[in-house]
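The structure appears right after this line, and notes come after that.
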Amino acid sequence: MQIDIVEHEPPYRVGVIVGSLSRESINRRLATALQRLAPPELEFFEIRYGDLPLYNRDLDADYPQVALDFKAAVRSADALLFVTPEYNRSLPGPLKNAIDWGSRPWGQNAWSDKPTAVIGASAGQIGTAVGQQSLRSTLSFLNARQMTTPEAYIHFTPGLIEADGEVTVAATEEFLRTFMVRFLEYTARVLTVIPQA
74 MQIDIVEHEP PYRVGVIVGS LSRESINRRL ATALQRLAPP ELEFFEIRYG DLPLYNRDLD
134 ADYPQVALDF KAAVRSADAL LFVTPEYNRS LPGPLKNAID WGSRPWGQNA WSDKPTAVIG
194 ASAGQIGTAV GQQSLRSTLS FLNARQMTTP EAYIHFTPGL IEADGEVTVA ATEEFLRTFM
254 VRFLEYTARV LTVIPQA
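Start counting the sequence shown at 74; every next residue gets the next number (our numbering).
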């Protein structure tokens, strides 16, 4: 039996989901830095979710347009990059709400099979490690394809990343550059399709 491997050729459209709604978010700075350092085969657009109402199953039969638009943006991405803080040892509530909207109604999960990477910055020493685990657990249930290494918990110190995304510490810059190269490689693997006979 012959197996033909079909590769989705780059560039890959990456939807960026920042876990904080704050305009001054350090994770927004981190997201900007990642885009600056990424290989040219990755093209980025932000998927915003701040206008989503609280998810309520009663709305499944008449899905709000804002939620339909959000799901369409998720579906339009070849891959997803989550850049998120940790709130109270978990993921931020607005981000979880957005993920819930993207997964419903039942059987219409927009996250399924999407290549994903998770990274986050925090002023604390453990740099979003616990919050990322909560996010990963949810993404796993939703059948998102998660890049598991390298893990990336960024201890954000004053001046580490400038407002324009410039990283001021060479070792951190190199790590983030490597992270994005690995994400490109992972995305290419996930998007490689072996047709069934």
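In this text, a Cβ means the ideal position worked out from N, Cα and C, and glycines have one as well.
Within the segment 168 to 209, note down every full beta strand (DSSP E) run reaching 3 residues or more, in order along the chain. 188 to 195
Are the beta-carbon atoms belonging to G44 and I120 less than 8 Å from one another? Nothing about residue 44 can be read from this structure; the chain reaches only from 74 to 270.
Return helix, strand or coil for F229, following the three-state DSSP convention. Taking the sequence shown and counting its residues from 1, the one referred to as residue 229 is at position 156. If DSSP states are grouped into helix, strand and coil, F229 belongs with coil.
Quick one: is A270 buried, meaning 16 or more other Cβ sit within 10 Å of its Cβ, or exposed? Residue 270 sits at position 197 when you count from the first residue of the sequence shown. Residue placement at A270 is poorly supported in this model, since its pLDDT is 49, which falls under 50; the coordinates still yield a value, given next. The residue in question, A270, is exposed, as its Cβ has fewer than 16 Cβ neighbours within 10 Å.
Quick check: the segment 102 to 112 against the segment 138 to 145, are there 3 or more CB pairs under 8 Å? no
What is the residue span of the alpha helix (DSSP H) that R109 lies within? The sequence position of residue 109 within the sequence shown is 36, counting from 1. Start and end: I99 to L110.
If we count Cβ pairs, one from each stretch, closer than 8 Å, do we get three or more for the segment 182 to 199 versus the segment 214 to 232? yes
Residues of its chain near A261, where Cβ-Cβ distance is below 6 Å and the 5 sequence neighbours each way are ignored: Within the sequence shown, residue 261 is the residue found at index 188, counting from 1. Cβ within range, chain order: n/a, list empty.
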